[in-house]
Amino acid sequence: MKISTLIALASITLGTANALQLPHIAQETPAPEPRLMKRMRDVIINKEYAKQQELKKAKELGLTSSNNIPPKWVRTVGDIVEIVQPTVIEGVTFSAKPPATTNGLEPWVTLKDDGSPKTIKPQVKNGITKNAWPTYGTWYQTATTKVWTKEELRAHNMADDEVFEEVIYVEEGDLHDHNLSPLIRCVPDRYKKKGIGRDLTTEPFCTPKDNAQWRKDKTYFITWYSRYFGDGVKNVRFHLSHIKESARYKGLKKREDEVEGDELVEEAVVKRDDDKEVSLDKRSAVLQQGGKISEYSFYSSDWTSNEQGFFPIFIDKSWFGKEYVRKVLLSIQPDDISDEDFDHYKDSIVVEISQGSKVSKGHLEDLKKLEEKYANRHLGESIEVEEGIDYEKYILMMTMPTCVILAAFGMYIFVTINKVDLSGLKKRKFARERTTHRRIPFKRKNDNPYSPLPQYNSELNTLKHD
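Mapped onto mature numbering (1 follows the signal peptide of the UniProt record, and there is no 0), the consecutive letters of the sequence shown carry residue numbers -19 to -1, 1 to 447.
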(Lines of atoms letter the chains of each structure in order from A and count residues from 1; the text may use other names and numbers.)
(Lines give C-alpha, C1' and ligand atoms only; values in the text may rest on other atoms or scores of the structure.)
Protein backbone atom coordinates (compact mmCIF):
# COMPACT_ATOMS: atom_id res chain seq x y z
CA MET A 1 0.00 0.00 0.00
CA LYS A 2 2.77 2.31 0.94
CA ILE A 3 4.71 1.37 -2.11
CA SER A 4 1.74 2.08 -4.44
CA THR A 5 1.16 5.38 -2.68
CA LEU A 6 4.76 6.38 -3.22
CA ILE A 7 4.57 5.40 -6.86
CA ALA A 8 1.39 7.46 -7.32
CA LEU A 9 2.95 10.48 -5.64
CA ALA A 10 6.08 10.20 -7.84
CA SER A 11 3.97 10.03 -11.01
CA ILE A 12 1.93 13.07 -9.91
CA THR A 13 5.10 14.98 -9.13
CA LEU A 14 6.64 14.18 -12.54
CA GLY A 15 3.39 15.13 -14.36
CA THR A 16 3.25 18.44 -12.48
CA ALA A 17 6.87 19.15 -13.36
CA ASN A 18 6.20 18.44 -17.03
CA ALA A 19 3.09 20.61 -16.94
CA LEU A 20 4.98 23.51 -15.35
CA GLN A 21 7.75 23.25 -17.95
CA LEU A 22 7.70 26.27 -20.33
CA PRO A 23 7.08 25.59 -23.96
CA HIS A 24 10.02 25.68 -26.35
CA ILE A 25 10.77 29.20 -27.52
CA ALA A 26 12.73 29.55 -30.77
CA GLN A 27 15.85 31.61 -30.48
CA GLU A 28 15.69 34.97 -32.21
CA THR A 29 18.02 35.09 -35.18
CA PRO A 30 19.51 38.39 -36.24
CA ALA A 31 17.99 39.91 -39.34
CA PRO A 32 20.18 39.56 -42.40
CA GLU A 33 22.03 42.67 -43.37
CA PRO A 34 20.69 44.24 -46.55
CA ARG A 35 22.88 43.47 -49.52
CA LEU A 36 23.39 46.48 -51.70
CA MET A 37 23.36 45.50 -55.33
CA LYS A 38 25.67 47.42 -57.60
CA ARG A 39 24.12 49.28 -60.43
CA MET A 40 25.13 47.43 -63.54
CA ARG A 41 25.52 49.26 -66.80
CA ASP A 42 25.31 47.58 -70.13
CA VAL A 43 28.61 47.61 -71.96
CA ILE A 44 28.27 49.46 -75.22
CA ILE A 45 30.31 47.73 -77.90
CA ASN A 46 30.82 49.10 -81.36
CA LYS A 47 29.68 46.22 -83.56
CA GLU A 48 31.74 47.32 -86.53
CA TYR A 49 34.86 47.69 -84.38
CA ALA A 50 34.31 44.26 -82.80
CA LYS A 51 33.90 42.75 -86.26
CA GLN A 52 37.12 44.38 -87.42
CA GLN A 53 38.98 43.02 -84.38
CA GLU A 54 37.72 39.50 -85.06
CA LEU A 55 38.79 39.70 -88.69
CA LYS A 56 42.16 41.09 -87.63
CA LYS A 57 42.77 38.23 -85.20
CA ALA A 58 41.67 35.68 -87.81
CA LYS A 59 44.10 37.14 -90.35
CA GLU A 60 46.94 37.11 -87.83
CA LEU A 61 46.26 33.45 -87.01
CA GLY A 62 45.73 32.55 -90.65
CA LEU A 63 42.17 31.42 -90.04
CA THR A 64 39.15 31.93 -92.27
CA SER A 65 35.51 31.81 -91.32
CA SER A 66 34.10 28.93 -93.32
CA ASN A 67 30.68 29.17 -91.67
CA ASN A 68 29.74 32.30 -93.64
CA ILE A 69 30.91 30.97 -97.03
CA PRO A 70 28.08 29.44 -99.06
CA PRO A 71 28.61 25.90 -100.36
CA LYS A 72 29.71 25.09 -103.89
CA TRP A 73 27.12 24.69 -106.59
CA VAL A 74 26.89 23.54 -110.21
CA ARG A 75 25.83 25.55 -113.24
CA THR A 76 25.68 24.99 -116.98
CA VAL A 77 26.87 27.67 -119.40
CA GLY A 78 25.96 26.62 -122.90
CA ASP A 79 27.15 23.04 -123.11
CA ILE A 80 29.78 23.40 -120.37
CA VAL A 81 29.08 22.21 -116.82
CA GLU A 82 31.20 23.73 -114.08
CA ILE A 83 31.43 23.87 -110.31
CA VAL A 84 31.23 27.39 -108.85
CA GLN A 85 33.12 28.22 -105.64
CA PRO A 86 31.66 31.25 -103.78
CA THR A 87 34.08 33.65 -102.09
CA VAL A 88 33.65 36.25 -99.36
CA ILE A 89 35.74 39.44 -99.46
CA GLU A 90 35.25 42.10 -96.77
CA GLY A 91 31.78 40.75 -96.02
CA VAL A 92 30.71 40.71 -99.69
CA THR A 93 29.78 37.30 -101.12
CA PHE A 94 30.69 36.70 -104.76
CA SER A 95 29.51 33.85 -107.02
CA ALA A 96 26.75 32.75 -104.65
CA LYS A 97 23.99 30.56 -106.05
CA PRO A 98 21.12 32.74 -107.31
CA PRO A 99 17.77 32.21 -105.60
CA ALA A 100 15.11 30.20 -107.40
CA THR A 101 12.66 33.13 -107.37
CA THR A 102 13.38 36.83 -107.21
CA ASN A 103 11.18 39.84 -106.47
CA GLY A 104 13.59 42.67 -107.27
CA LEU A 105 14.28 43.43 -103.60
CA GLU A 106 17.53 41.49 -103.29
CA PRO A 107 20.28 43.48 -101.50
CA TRP A 108 23.25 44.79 -103.45
CA VAL A 109 26.53 46.43 -102.48
CA THR A 110 27.59 49.98 -103.27
CA LEU A 111 30.98 51.54 -102.63
CA LYS A 112 31.84 54.63 -100.66
CA ASP A 113 34.29 57.23 -101.92
CA ASP A 114 37.24 55.35 -100.43
CA GLY A 115 36.14 51.99 -101.89
CA SER A 116 34.71 50.43 -98.73
CA PRO A 117 31.52 48.38 -99.28
CA LYS A 118 28.06 49.25 -98.03
CA THR A 119 25.02 47.00 -98.37
CA ILE A 120 21.84 48.52 -99.83
CA LYS A 121 18.42 46.92 -99.31
CA PRO A 122 15.72 47.96 -101.81
CA GLN A 123 12.31 48.94 -100.42
CA VAL A 124 8.88 49.39 -101.96
CA LYS A 125 6.95 52.47 -100.82
CA ASN A 126 3.71 53.57 -102.44
CA GLY A 127 4.33 51.23 -105.34
CA ILE A 128 7.76 52.70 -106.07
CA THR A 129 10.97 50.74 -105.51
CA LYS A 130 13.62 52.79 -103.77
CA ASN A 131 17.32 51.90 -103.87
CA ALA A 132 16.75 49.34 -106.60
CA TRP A 133 19.56 47.51 -108.34
CA PRO A 134 21.65 49.88 -110.48
CA THR A 135 21.33 49.92 -114.24
CA TYR A 136 24.17 50.73 -116.62
CA GLY A 137 22.39 51.73 -119.83
CA THR A 138 24.41 50.86 -122.91
CA TRP A 139 27.88 51.29 -121.38
CA TYR A 140 28.51 47.52 -121.44
CA GLN A 141 26.64 46.78 -124.63
CA THR A 142 28.05 46.57 -128.13
CA ALA A 143 26.40 48.66 -130.83
CA THR A 144 25.94 47.01 -134.22
CA THR A 145 24.34 48.49 -137.33
CA LYS A 146 22.08 46.37 -139.48
CA VAL A 147 21.09 47.50 -142.98
CA TRP A 148 17.58 46.69 -144.23
CA THR A 149 16.26 46.92 -147.77
CA LYS A 150 12.65 47.12 -148.90
CA GLU A 151 12.64 43.45 -149.84
CA GLU A 152 14.12 42.31 -146.52
CA LEU A 153 12.11 44.49 -144.15
CA ARG A 154 8.88 44.72 -146.19
CA ALA A 155 7.76 47.84 -144.37
CA HIS A 156 4.69 49.44 -145.84
CA ASN A 157 6.07 52.97 -145.43
CA MET A 158 9.40 52.37 -147.21
CA ALA A 159 10.21 53.41 -150.73
CA ASP A 160 11.37 50.78 -153.16
CA ASP A 161 14.94 52.13 -153.27
CA GLU A 162 15.13 53.15 -149.59
CA VAL A 163 17.71 51.60 -147.24
CA PHE A 164 17.07 51.59 -143.48
CA GLU A 165 19.92 51.38 -140.95
CA GLU A 166 19.04 50.08 -137.49
CA VAL A 167 21.38 50.31 -134.48
CA ILE A 168 21.13 47.24 -132.25
CA TYR A 169 22.81 46.94 -128.85
CA VAL A 170 24.06 43.47 -128.04
CA GLU A 171 24.57 42.36 -124.45
CA GLU A 172 28.04 41.34 -123.33
CA GLY A 173 28.91 37.68 -123.58
CA ASP A 174 29.94 37.18 -119.93
CA LEU A 175 26.84 38.82 -118.43
CA HIS A 176 26.10 35.61 -116.52
CA ASP A 177 29.38 36.08 -114.62
CA HIS A 178 28.68 39.72 -113.73
CA ASN A 179 25.21 38.83 -112.47
CA LEU A 180 26.86 36.72 -109.76
CA SER A 181 28.52 39.82 -108.28
CA PRO A 182 26.40 42.10 -106.02
CA LEU A 183 29.03 44.84 -106.31
CA ILE A 184 28.11 47.96 -108.26
CA ARG A 185 30.01 48.28 -111.54
CA CYS A 186 31.99 51.26 -112.77
CA VAL A 187 30.70 53.38 -115.66
CA PRO A 188 31.85 56.83 -116.84
CA ASP A 189 28.76 58.39 -115.25
CA ARG A 190 30.23 57.50 -111.85
CA TYR A 191 33.63 59.11 -112.41
CA LYS A 192 34.68 61.47 -109.60
CA LYS A 193 36.33 64.86 -109.97
CA LYS A 194 39.98 65.59 -109.27
CA GLY A 195 42.53 68.37 -109.60
CA ILE A 196 42.78 71.73 -107.87
CA GLY A 197 39.84 73.12 -109.82
CA ARG A 198 37.90 69.82 -109.69
CA ASP A 199 37.63 70.05 -113.45
CA LEU A 200 39.25 66.69 -114.28
CA THR A 201 37.86 63.19 -113.98
CA THR A 202 39.35 60.13 -112.29
CA GLU A 203 39.00 57.97 -115.43
CA PRO A 204 39.18 55.04 -115.63
CA PHE A 205 38.64 54.76 -111.84
CA CYS A 206 35.31 55.10 -110.06
CA THR A 207 36.63 54.23 -106.62
CA PRO A 208 38.54 55.36 -104.73
CA LYS A 209 38.19 59.05 -105.39
CA ASP A 210 41.21 61.30 -105.63
CA ASN A 211 42.95 61.95 -102.29
CA ALA A 212 40.78 59.39 -100.45
CA GLN A 213 42.12 57.86 -97.24
CA TRP A 214 42.87 54.18 -96.74
CA ARG A 215 43.46 52.78 -93.25
CA LYS A 216 45.80 50.03 -92.23
CA ASP A 217 44.56 46.43 -91.99
CA LYS A 218 41.43 47.13 -94.05
CA THR A 219 40.35 45.97 -97.49
CA TYR A 220 39.09 48.35 -100.17
CA PHE A 221 37.75 47.80 -103.67
CA ILE A 222 39.36 49.43 -106.70
CA THR A 223 36.83 49.69 -109.53
CA TRP A 224 37.48 50.81 -113.10
CA TYR A 225 35.60 50.96 -116.40
CA SER A 226 36.74 47.84 -118.25
CA ARG A 227 35.76 49.25 -121.67
CA TYR A 228 38.21 52.12 -121.16
CA PHE A 229 40.98 50.05 -122.71
CA GLY A 230 40.84 48.45 -126.14
CA ASP A 231 39.46 45.05 -126.95
CA GLY A 232 42.98 43.62 -127.00
CA VAL A 233 43.50 44.22 -123.24
CA LYS A 234 42.64 41.08 -121.32
CA ASN A 235 44.43 41.65 -118.01
CA VAL A 236 45.49 44.63 -115.89
CA ARG A 237 47.48 45.13 -112.72
CA PHE A 238 47.96 47.94 -110.22
CA HIS A 239 51.00 49.78 -108.89
CA LEU A 240 51.42 51.86 -105.73
CA SER A 241 54.20 54.44 -105.64
CA HIS A 242 55.25 56.70 -102.81
CA ILE A 243 54.83 60.44 -103.38
CA LYS A 244 56.92 63.15 -101.77
CA GLU A 245 54.66 66.12 -101.20
CA SER A 246 55.72 69.66 -101.91
CA ALA A 247 56.51 71.91 -98.95
CA ARG A 248 53.83 74.28 -100.17
CA TYR A 249 51.16 71.61 -100.49
CA LYS A 250 49.04 72.81 -97.57
CA GLY A 251 49.30 76.45 -98.61
CA LEU A 252 48.40 78.37 -101.71
CA LYS A 253 50.40 77.71 -104.84
CA LYS A 254 50.35 79.72 -108.04
CA ARG A 255 49.87 78.01 -111.34
CA GLU A 256 53.10 77.23 -113.09
CA ASP A 257 51.70 76.74 -116.57
CA GLU A 258 54.03 77.98 -119.24
CA VAL A 259 52.94 81.06 -121.15
CA GLU A 260 54.25 81.79 -124.60
CA GLY A 261 53.11 85.22 -125.67
CA ASP A 262 49.34 85.27 -125.36
CA GLU A 263 48.98 81.51 -125.71
CA LEU A 264 48.64 79.25 -122.69
CA VAL A 265 50.26 75.83 -122.94
CA GLU A 266 47.48 73.51 -121.76
CA GLU A 267 49.64 70.42 -121.32
CA ALA A 268 52.56 70.52 -118.88
CA VAL A 269 55.53 68.21 -119.39
CA VAL A 270 58.04 67.17 -116.71
CA LYS A 271 61.01 64.81 -116.66
CA ARG A 272 61.25 61.74 -114.48
CA ASP A 273 64.39 60.48 -112.80
CA ASP A 274 65.16 58.37 -115.87
CA ASP A 275 64.95 61.50 -118.12
CA LYS A 276 61.65 60.33 -119.65
CA GLU A 277 59.17 63.07 -120.42
CA VAL A 278 55.80 62.61 -118.72
CA SER A 279 52.55 64.33 -119.66
CA LEU A 280 50.69 65.77 -116.70
CA ASP A 281 47.53 66.95 -118.41
CA LYS A 282 45.37 64.78 -116.09
CA ARG A 283 47.22 65.25 -112.85
CA SER A 284 45.87 64.85 -109.34
CA ALA A 285 45.64 67.84 -107.02
CA VAL A 286 48.68 66.56 -105.08
CA LEU A 287 50.73 66.35 -108.28
CA GLN A 288 49.51 69.74 -109.44
CA GLN A 289 50.78 71.22 -106.20
CA GLY A 290 54.31 69.95 -106.67
CA GLY A 291 54.20 66.31 -105.51
CA LYS A 292 56.68 63.88 -107.12
CA ILE A 293 57.19 60.14 -106.98
CA SER A 294 59.94 59.19 -104.54
CA GLU A 295 59.68 55.38 -104.91
CA TYR A 296 58.23 53.64 -107.94
CA SER A 297 56.02 50.54 -107.58
CA PHE A 298 56.71 49.60 -103.97
CA TYR A 299 53.65 47.38 -104.45
CA SER A 300 52.56 45.65 -107.66
CA SER A 301 49.52 43.41 -107.77
CA ASP A 302 49.08 40.22 -109.74
CA TRP A 303 47.47 40.33 -113.16
CA THR A 304 43.68 40.29 -112.93
CA SER A 305 40.97 40.07 -115.57
CA ASN A 306 40.08 43.41 -117.08
CA GLU A 307 36.45 42.36 -117.56
CA GLN A 308 36.13 41.76 -113.83
CA GLY A 309 36.14 45.51 -113.19
CA PHE A 310 37.07 45.38 -109.50
CA PHE A 311 40.10 44.46 -107.44
CA PRO A 312 40.26 44.12 -103.62
CA ILE A 313 43.39 45.57 -102.04
CA PHE A 314 44.52 45.03 -98.44
CA ILE A 315 46.45 47.85 -96.76
CA ASP A 316 49.52 46.21 -95.26
CA LYS A 317 51.41 47.75 -92.34
CA SER A 318 54.76 47.21 -94.07
CA TRP A 319 53.90 49.94 -96.58
CA PHE A 320 54.27 52.73 -94.00
CA GLY A 321 57.84 52.27 -92.83
CA LYS A 322 58.47 54.90 -90.17
CA GLU A 323 55.72 57.19 -91.44
CA TYR A 324 52.25 57.45 -89.95
CA VAL A 325 50.54 58.88 -93.05
CA ARG A 326 51.78 58.61 -96.62
CA LYS A 327 50.61 59.73 -100.04
CA VAL A 328 50.71 57.05 -102.73
CA LEU A 329 50.01 57.09 -106.44
CA LEU A 330 47.62 54.39 -107.70
CA SER A 331 48.31 53.46 -111.33
CA ILE A 332 46.73 50.86 -113.61
CA GLN A 333 48.80 49.00 -116.22
CA PRO A 334 47.16 47.13 -119.13
CA ASP A 335 48.85 44.00 -120.46
CA ASP A 336 49.57 45.57 -123.86
CA ILE A 337 52.11 47.97 -122.29
CA SER A 338 55.48 46.63 -121.09
CA ASP A 339 57.06 47.58 -117.79
CA GLU A 340 59.68 49.72 -119.56
CA ASP A 341 57.08 51.76 -121.46
CA PHE A 342 54.60 52.00 -118.59
CA ASP A 343 53.92 55.56 -117.39
CA HIS A 344 52.97 55.72 -113.71
CA TYR A 345 51.47 59.18 -114.03
CA LYS A 346 49.03 58.25 -116.78
CA ASP A 347 45.64 56.90 -115.68
CA SER A 348 46.42 57.43 -112.01
CA ILE A 349 44.98 58.93 -108.85
CA VAL A 350 46.47 59.79 -105.46
CA VAL A 351 45.30 58.16 -102.24
CA GLU A 352 46.41 58.61 -98.65
CA ILE A 353 47.25 55.59 -96.51
CA SER A 354 47.02 56.03 -92.75
CA GLN A 355 47.68 53.79 -89.78
CA GLY A 356 44.55 55.11 -88.06
CA SER A 357 43.99 55.69 -84.37
CA LYS A 358 44.77 53.09 -81.74
CA VAL A 359 41.72 52.59 -79.51
CA SER A 360 42.44 49.17 -77.96
CA LYS A 361 44.51 50.42 -75.02
CA GLY A 362 43.52 49.79 -71.42
CA HIS A 363 42.08 52.47 -69.18
CA LEU A 364 44.73 55.05 -68.16
CA GLU A 365 47.47 52.75 -69.39
CA ASP A 366 49.85 55.59 -70.24
CA LEU A 367 49.42 57.33 -66.87
CA LYS A 368 50.02 54.09 -64.99
CA LYS A 369 53.27 53.53 -66.86
CA LEU A 370 54.33 57.11 -66.24
CA GLU A 371 53.64 56.81 -62.51
CA GLU A 372 55.63 53.57 -62.38
CA LYS A 373 58.50 55.23 -64.21
CA TYR A 374 58.46 58.19 -61.83
CA ALA A 375 58.25 55.94 -58.73
CA ASN A 376 61.24 53.81 -59.83
CA ARG A 377 63.43 56.65 -61.01
CA HIS A 378 65.76 56.28 -57.97
CA LEU A 379 66.38 52.61 -58.85
CA GLY A 380 67.91 53.51 -62.17
CA GLU A 381 65.32 51.49 -64.04
CA SER A 382 64.25 52.86 -67.40
CA ILE A 383 60.66 52.10 -68.32
CA GLU A 384 59.89 53.05 -71.89
CA VAL A 385 56.40 54.29 -72.62
CA GLU A 386 55.19 53.48 -76.11
CA GLU A 387 52.65 56.27 -76.29
CA GLY A 388 51.73 59.30 -74.25
CA ILE A 389 53.44 62.45 -73.09
CA ASP A 390 56.39 62.88 -70.74
CA TYR A 391 55.68 63.16 -67.04
CA GLU A 392 57.21 66.64 -66.87
CA LYS A 393 55.01 67.87 -69.69
CA TYR A 394 51.99 66.36 -68.02
CA ILE A 395 52.78 68.18 -64.76
CA LEU A 396 53.26 71.43 -66.70
CA MET A 397 49.92 70.99 -68.43
CA MET A 398 48.18 70.53 -65.10
CA THR A 399 50.11 73.32 -63.32
CA MET A 400 49.34 76.15 -65.73
CA PRO A 401 45.53 76.06 -65.48
CA THR A 402 45.82 75.58 -61.71
CA CYS A 403 47.91 78.76 -61.41
CA VAL A 404 45.38 80.68 -63.49
CA ILE A 405 42.53 79.54 -61.23
CA LEU A 406 44.50 80.48 -58.09
CA ALA A 407 45.35 83.91 -59.54
CA ALA A 408 41.70 84.59 -60.39
CA PHE A 409 40.65 83.51 -56.91
CA GLY A 410 43.30 85.82 -55.33
CA MET A 411 42.08 88.77 -57.40
CA TYR A 412 38.53 88.10 -56.27
CA ILE A 413 39.58 88.11 -52.60
CA PHE A 414 41.60 91.32 -53.09
CA VAL A 415 38.68 93.15 -54.69
CA THR A 416 36.29 91.91 -52.01
CA ILE A 417 38.50 93.10 -49.11
CA ASN A 418 39.28 96.49 -50.67
CA LYS A 419 35.78 97.20 -51.81
CA VAL A 420 35.17 100.98 -52.04
CA ASP A 421 31.81 102.70 -52.29
CA LEU A 422 31.87 104.77 -55.47
CA SER A 423 28.27 105.96 -55.29
CA GLY A 424 29.36 109.43 -54.09
CA LEU A 425 31.23 110.26 -57.24
CA LYS A 426 29.54 112.61 -59.66
CA LYS A 427 29.86 112.80 -63.35
CA ARG A 428 32.05 115.64 -64.45
CA LYS A 429 30.47 118.21 -66.74
CA PHE A 430 32.62 119.73 -69.45
CA ALA A 431 32.18 123.32 -70.64
CA ARG A 432 32.45 122.53 -74.34
CA GLU A 433 30.93 125.48 -76.28
CA ARG A 434 31.00 127.71 -73.20
CA THR A 435 34.76 127.42 -72.95
CA THR A 436 36.41 130.85 -73.03
CA HIS A 437 40.02 129.85 -73.25
CA ARG A 438 41.68 129.19 -76.54
CA ARG A 439 41.68 125.43 -77.13
CA ILE A 440 43.45 125.39 -80.48
CA PRO A 441 46.59 127.51 -80.88
CA PHE A 442 46.55 130.26 -83.50
CA LYS A 443 42.81 130.13 -83.79
CA ARG A 444 40.88 133.22 -82.80
CA LYS A 445 37.48 133.00 -81.25
CA ASN A 446 34.70 134.40 -83.43
CA ASP A 447 33.58 137.70 -81.88
CA ASN A 448 30.45 137.92 -84.04
CA PRO A 449 28.81 134.55 -83.78
CA TYR A 450 26.35 133.55 -86.42
CA SER A 451 22.75 134.45 -85.65
CA PRO A 452 20.25 131.88 -86.78
CA LEU A 453 17.55 132.79 -89.27
CA PRO A 454 13.94 133.01 -88.09
CA GLN A 455 11.87 129.87 -88.40
CA TYR A 456 8.37 131.16 -87.49
CA ASN A 457 6.27 134.21 -88.43
CA SER A 458 6.24 135.43 -84.84
CA GLU A 459 9.96 135.86 -84.95
CA LEU A 460 9.78 138.27 -87.90
CA ASN A 461 8.36 141.12 -85.75
CA THR A 462 11.45 141.16 -83.57
CA LEU A 463 13.72 141.88 -86.52
CA LYS A 464 14.88 145.38 -87.27
CA HIS A 465 13.78 146.84 -90.60
CA ASP A 466 15.94 149.67 -91.99
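Idealized CB from N, CA, C, for every residue including glycine.
If only uninterrupted beta strand (DSSP E) runs of at least 3 residues are considered, those enclosed by the region 262 to 318 are 273 to 281, 291 to 295 and 306 to 315.
In the DSSP secondary-structure assignment, residue 92 is bridged to 98. Put simply, of 300, 214, 115 and 387 the residue whose alpha carbon is nearest the alpha carbon of residue 336 is 300. Shown here, residue 124 sits in a strand according to DSSP, grouped into three states. In this structure, residue 102 lies near residue 112, with their beta-carbon atoms less than 9 Å apart. In this chain, the alpha helix (DSSP H) harbouring residue 157 covers 156 to 159. Residues 125 and 127 of the same chain have their beta carbon placed closer than 7 Å to that of residue 149, with the five preceding and five following residues left out of the count. Contact between residue 208 and residue 121 holds: CB atoms are separated by about 7 Å, below the 8 Å threshold. The alpha-carbon of residue 172 is positioned some 14 Å away from that of residue 290. Note that the region 154 to 167 touches the region 192 to 210; at least 3 beta-carbon pairs, one per stretch, sit closer than 8 Å.
With a cutoff of 9 Å on beta-carbon distance, residue 266 and residue 211 are scored as not near each other. Rounded to whole angstroms, the separation of the alpha carbons of residue 296 and residue 334 is 8 Å. Distance from the CA atom of residue 114 to the CA atom of residue 315, rounded to whole angstroms, is 30 Å. Assignment of residue 196 by DSSP, reduced to helix, strand and coil, places it in the strand class. Within its own chain, no residue has a Cβ closer than 8 Å to the Cβ of residue 137 once the five positions on either side in sequence are excluded. The three-state secondary structure of residue 82, taken from DSSP, is coil. With fewer than 16 other Cβ atoms from the protein chains shown falling within 10 Å of its own Cβ, residue 284 counts as exposed. Sequence-distant partners of residue 163 (beyond 5 residues in either direction) whose C-beta falls short of 6 Å from its own C-beta, in its chain, are 89 and 90. Annotation: residue 318 to residue 293 spans about 22 Å, alpha carbon to alpha carbon. By the criterion of a C-beta distance shorter than 7 Å, residue 110 is surrounded in its chain by 85 and 103, once the five residues flanking it on both sides are discounted. Listed as beta-bridge partners of residue 114 by DSSP are no residues whatsoever.
In the structure shown, residue 65 adopts extended strand secondary structure according to DSSP, grouped into three states.
A direct Cα-to-Cα measurement between residue 352 and residue 97 gives close to 41 Å. As DSSP reads the structure, residue 164 sits in a beta bridge with 90.
DSSP places residue 221 inside the beta strand (DSSP E), whose first and last residues are 216 to 225. If you check the CB distance, residue 274 and residue 327 do not come in under 9 Å.
Beyond the five residues adjoining it in sequence on each side, residue 64 comes within less than 8 Å, by CB distance, of 53, 54 and 55 in the same chain, given in chain order. Within the same chain, and ignoring the five residues on either side of residue 288 in sequence, the residues whose Cβ sits closer than 7 Å to its Cβ are 155 and 207. Bounds of the beta strand (DSSP E) holding residue 146 are 145 to 151. In the structure shown, residue 380 adopts helical secondary structure according to DSSP, grouped into three states. Under the three-state reduction of DSSP output, residue 436 falls in the coil class, being neither helix nor strand. The beta carbon of residue 194 lies closer than 8 Å to those of 95, 332, 333, 334 and 335 in the same chain, with the five residues before and after it left out.
Residue 190 is positioned such that its CB atom lies closer than 9 Å to that of residue 183. For residue 268, the closest C-alpha among the options 330, 434, 140 and 399 is that of 330.
Residue 305 holds the alpha-carbon nearest to the alpha-carbon of residue 196 among 51, 305, 143 and 387.
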